[in-house]
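Using full-length UniProt numbering, you'd call the opening residue of the sequence shown number 1 and step up by one each time.
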Amino acid sequence: RKCSMADSAAPQPKSSQQAARGPVAVVEDGVVRSSAPEPPVPDCDFATCLRNAWQQFKDRTALIDHRTDERCSYEQLEQQCSRVAAGLRSLGFGPGDMAGFHCGNTLDAIIALYGVVLAGGCAVMAKPNLSQRELCYQFGDSSPSLVFSDEEITDKVVAAQKEVPSIKTLVVFGSHASALPFAPLRKTPLPERQAPHAAADPGSLLFVLYSSGTTGKPKGVMISHRNAVAHFTSVGAPPKPPLPAVLLGATPLTHTSGVIMVNTTFARGDTLVILPGPEPSVVIPAIAKHKVVFMFAFPTHMKMLLRSPLLEDYDLSSLKMVSVGGSTLPPDLVAETKAKLKVFALAQGYGLTESFGAGTFTLGQNASSDCVGTPNFMSQLKIVDIATEEKLGPGQRGEIRIKSPCCAIGYLNNPEASAALYDEEGFLKTGDMGYYNEQAVFYITDRVKDLIKCMDQQVPPVELEGLLLQHDAVLDVAVVGVPHDDYGEAARAFVVLREGHLPSQALKDALLNVVADQASYHKHLHGGLEFVASIPKSFTGKHLRSSLRDAYVKQAQASA
């Protein structure tokens with residue numbers, strides 16, 4: 001059965017009509033997709049796509065580093081990335097080798113990243129806020145031979161090198177006694193007789209992006225050249241604007257959203273303003289100075305921006321569109337964004353690290369807070385009953401699943417998890433619950449997984465439970481996500497003590513420090529810690545986290 005949701009005869013509420021201003025969608029045999037014709041995906045490596053785009057837009061400005069005000073045209077970008085690739089080859093780095101990135105957002109970092117691509121390597125992205133333990137785990141899992149890092153956090157990589165023997169070379173953006181400086185790589189002479197880039201098989205590995213899982217250990221999501229080419233083709237499909245738009249790049253380059261933002265910029269010939277972080281004191285002046293048209297932000301960052309007194313001091317009239325990802329905006333922030341920023345469009349989308357840009361998107365200016373739009377290019381979605389695996393129709397809630405050539409090829413060094421990632425029809429199991437309405441507009445309702453989302457970053461409860469169980473006083477523990485005024489959601493630990501140990505403020509502080517000393521800030525127990533007599537469990541012995549969460553929320557509401 002095939003029907004156009006835009007032409008549905010059933011009358012729709014006004015709010016549904018407003019929320020469905022994204023691309024028109026069609027449904028066929030329980031699968032929802034965009035009705036727009038899909039462009040063919042070239043059978044080539046990602047470097048070929050990049051170079052074609054860079055040459056097409058060679059006279060345009062590609063990148064602006066807001067911190068240094070350094071600018072780079074597409075022609076200069078190609079030259080400098082090619083020089084870096086040549087420099088990497090002189091260091092013995094070549095096709096199939098892994099390069100780690102433990103750094104913030106800078107022009108240097110982007111040139112290094114795409115230099116690795118031209119050299120035929122694979123980039124392993126490790127966020128700069130990782131703890132020493134987390135960094136050692138990710139690099140130990142991926143085994144990079146070379147690591148790029150910022151000057152101020154290179155000591156962490158030097159320490160990691162002692163535990164990760166694969167790391168042979170450190171390159172620093174700046175200077176460090178134990179690392180090679182990056183600056184000379186940007187000036188490497190180009191060989192006269194050498195291919196423009198190292199050719200790679202389209203199915204080979206291009207990016208490894210770590211995404212937390214319910215097992216507690218982060219999984220290395222494997223993105224192939226073919227995945228990246230598909231995404232590049234989808235976002236670069238006509239019509240392209242005659243003049244480049246100015247985009248704001250405040251999300252971390254080492255996060256999926258950062259990589260996708262840069263690739264989208266290149267595919268469309270736009271200009272990306274690179275920011276060191278999402279703080280309003282940086283974002284607001286940058287929008288005004290560079291006449292930014294489009295920005296992407298996480299809900300936590302949007303809240304910071306909207307509450308900043310600097311909004312009154314700068315002209316932000318150039319900003320026409322704000323896109324929000326990571327999680328949906330709460331209703332109050334939807335209204336506040338429209339009122340204060342007066343943007344033409346407020347967009348929300350849905351996707352995962354594993355879907356690499358595939359998913360849904362809405363341009364609905366008046367979209368509701370849980371609406372994430374209709375399928376974007378090259379994305380097919382379905383709703384499935386997780387008990388029966390049957391496809392569900394409009395209004396029926398089940399697990400959201402995605403099929404796209406953008407979707408990851410699996411998890412690094414984890415064949416069991418890779419095998420469980422897709423269903424028999426090749427759809428990615430997202431672990432998220434939702435539904436679509438009669439207009440094929442998707443809504444998120446809940447998460448199947450127990451992941452906590454604090455500061456728009458994932459927090460696996462099992463990881464924190466493992467840390468707390470290392471303490472001699474802890475017999476059992478369950479970590480759940482609870483509402484948090486500033487962070488949206490935060491981790492709260494429910495701890496059962498061993499016999500002979502009594503609850504005390506000193507012990508509570510010690511346990512809070514166990515997590516604070518070994519985990520990233522967003523994983524800290526911002527929701528608190530509570531001593532309990534027992535943890536509710538299922539028949540099979542699994543923690544009933546929902547019972548703990550519901551009891552906490554009920555108690556908090558009663559005392560409010």
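All residues carry an ideal CB built from backbone N, CA and C; glycine is no exception.
Next on the checklist: Do ILE535 and ASP476 count as a contact pair if the criterion is CB distance below 8 Å?
Outcome noted: With contacts defined by Cβ atoms closer than 8 Å, ASP476 and ILE535 form a contacting pair.
Next on the checklist: To the nearest angstrom, how far is the alpha carbon of PHE173 from that of ALA112?
Outcome noted: Straight-line Cα distance between these residues: approximately 10 Å.
Item to check | Three-state secondary structure (DSSP) of ASN75 | outcome: Note on identity: in this sequence residue 75 is Glu, with Asn being the wrong assignment. Three-state result, GLU75: helix.
Checklist entry - If we ignore side chains and look at the alpha-carbon of each, how far apart do GLY481 and LYS338 end up? => result Between GLY481 and LYS338, the C-alpha separation is close to 29 Å.
Next on the checklist: Using a Cβ-Cβ cutoff of less than 7 Å, which residues in the same chain neighbour LEU412 once the five nearest sequence positions on both sides are dropped?
Outcome noted: The residues ASP141, SER142, VAL208, GLY220 and MET222, in chain order, have a CB closer than 7 Å to that of LEU412 in the same chain once the five nearest residues on each side in sequence are set aside.
Next on the checklist: By the DSSP assignment, the beta strand (DSSP E) with PHE148 in it spans what residues?
Outcome noted: Residues 146-150.
Checklist entry - For ALA560, which residues does DSSP report across the bridge? => result The partner list for ALA560 (beta bridge, DSSP) is empty, contrary to what the question assumes.
Checklist entry - Do SER73 and LEU190 come within 8 Å of each other at the CB atom, strictly closer than that value? => result No, they are not a contact pair.
Item to check | Proximity winner among GLU416, GLY431, CYS371 and LYS342, relative to ILE386 (alpha-carbon distances) | outcome: The option with the nearest alpha carbon to ILE386 is GLY431.
Checklist entry - CB ALA250 to CB GLY277, shorter than 8 Å? => result Yes. Within cutoff.
Checklist entry - How big is the Cα-Cα spacing for ARG307 and HIS501? => result Cα to Cα, the separation comes out at about 44 Å.
Item to check | Where CYS81 falls: helix, strand or coil (DSSP) | outcome: Helix.
Checklist entry - Candidates GLY104, ALA99 and TYR114: which alpha carbon is nearest ALA123's? => result Comparing Cα-Cα distances from ALA123 to each of GLY104, ALA99 and TYR114, the minimum goes to ALA99.
Checklist entry - So which of ASP315, ASP313 and LYS303 has the shortest CA-CA distance to ASP332? => result Here the closest residue by C-alpha is LYS303.
Next on the checklist: Let me check understanding here. Comparing Cα to Cα, which of LEU529, ALA510, ALA286 and ASP43 lies closest to ALA490?
Outcome noted: Looking only at LEU529, ALA510, ALA286 and ASP43, the smallest Cα-Cα distance to ALA490 is reached by LEU529.
Next on the checklist: Could you compute how far the alpha carbon of ALA551 sits from the alpha carbon of SER504?
Outcome noted: Cα-Cα distance, rounded: 22 Å.
Next on the checklist: Taking the straight line between their C-alpha atoms, what separation do you get for ASP201 and LEU118?
Outcome noted: Taking the straight line joining both Cα atoms gives about 13 Å.
Next on the checklist: Can you look up PHE266 in the DSSP assignment and give me helix, strand or coil?
Outcome noted: Under the three-state reduction of DSSP output, PHE266 falls in the helix class.
Checklist entry - Helix or strand or just coil, what does DSSP make of HIS526? => result In the three-state reduction of the DSSP assignment, HIS526 falls in the coil class, being assigned neither a helical nor a strand state.
Checklist entry - Ordered along the chain, which non-local residues of its own chain (more than five positions away) have a Cβ less than 7 Å from that of PHE296? => result Cβ within range, chain order: THR251, SER257, MET261, SER323 and GLY325.
Item to check | Secondary structure of GLY115, DSSP reduced to three states | outcome: Helix.
Next on the checklist: Please state whether the Cβ-Cβ distance between LEU253 and GLU354 is less than 8 Å.
Outcome noted: No, they are not a contact pair.
Next on the checklist: Assuming the contact rule is C-beta atoms closer than 8 Å, LEU135 and HIS102 should be a hit. Round their C-beta distance to whole Å, please.
Outcome noted: Sure, about 7 Å apart at Cβ, within 8 Å.
Checklist entry - Three or more beta-carbon pairs under 8 Å between the region 51-71 and the region 412-421, yes or no? => result Between the region 51-71 and the region 412-421, the count of Cβ pairs shorter than 8 Å is below three; the stretches do not touch.
Next on the checklist: By alpha-carbon positions, which one of ARG401, GLY434 and MET433 ends up nearest to LEU421?
Outcome noted: Distance from the Cα of LEU421 is smallest, within the candidate group ARG401, GLY434 and MET433, for ARG401.
Item to check | Cβ contact (3+ pairs, closer than 8 Å) linking the region 43-58 and the region 222-236 | outcome: Judged by Cβ distances under 8 Å, the region 43-58 makes contact with the region 222-236, as three or more pairs qualify.
Item to check | C-alpha distance - SER318 paired with VAL158, whole-angstrom precision | outcome: Cα atoms of SER318 and VAL158: separation of roughly 43 Å, rounded to the nearest angstrom.
Checklist entry - When you compare only the Cα positions, how much space is there between PRO241 and LYS453? => result Cα to Cα, the separation comes out at about 36 Å.
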